[in-house]
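Colleague:
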Amino acid sequence: MLIHALKEAVRQTPNGTAHILLEPLNRYETPYLKTLAHAASICKMADSPRVKIMADLFHMGLEERNLPAALADNAALIGHVHLADSNRQLPGHGHTDFTACFKALRAAHYEGWFALECGVTGDPVEVLPAAVGVLRACWDAAG
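Once you know that position 29 of the sequence shown is 31 in our numbering, the rest is easy, because the numbers rise by one and skip nothing.
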């Protein structure tokens, strides 16, 4: 039923105007779609270049054995990446290895968007630029 619904959604949306992104969540939020590999299998069954994966590093940290490997293995189907640290806070406040994740994405020539999807503790005017600094340093180190 899901595959049929995805194919119908693609059919109803004019070519080139939108992608459908599947976001695997952690076991505490869903019993069904929890890993990038599972999302990739659904994307392949949907058989459309417009059905892709939204990789969320927070959820991946709870479900994937190896974040960089999961990103590398499924990079061709990733259309967007949500950034959050292991505690769902801004990057730099947990133990997620953003450098290793970025290295995997860079090696796969990922050219999609990133977005912060996390809690913000403190004055956003101060903490958001600091988080961007952390991410830029990790991106550069991933080189």
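All residues carry an ideal CB built from backbone N, CA and C; glycine is no exception.
Taking just the CA atoms, how far does H111 sit from A125?
Modeller: According to the sequence displayed, residue 125 carries Asp and not Ala. The straight-line gap from Cα to Cα measures roughly 34 Å.
Colleague: Look at the alpha carbon of S43 and the alpha carbon of K9, and state the distance between them as a whole number of angstroms.
Modeller: Taking the straight line joining both Cα atoms gives about 14 Å.
Colleague: Helix, strand or coil: how does DSSP classify H84 here?
Modeller: strand
Colleague: Classify D58 as buried or exposed, calling it buried when 16 or more other Cβ atoms lie within 10 Å of its own Cβ.
Modeller: Residue environment analysis places D58 among the buried positions, since at least 16 neighbouring C-beta atoms fall within 10 angstroms of its C-beta.
Colleague: Which residues does DSSP list as the beta-bridge partners of V136?
Modeller: Among the bridge pairs identified by DSSP, V136 is matched with none.
Colleague: Near I22, what residues of its chain come up, given a Cβ to Cβ distance below 7 Å and the 5 sequence neighbours on each side ignored?
Modeller: Within its own chain, the residues whose Cβ lies closer than 7 Å to the Cβ of I22, once the five positions on either side in sequence are excluded, are L8, A11, V12, R52, V53, listed in chain order.
Colleague: Is A117 helix, strand or coil by DSSP?
Modeller: strand
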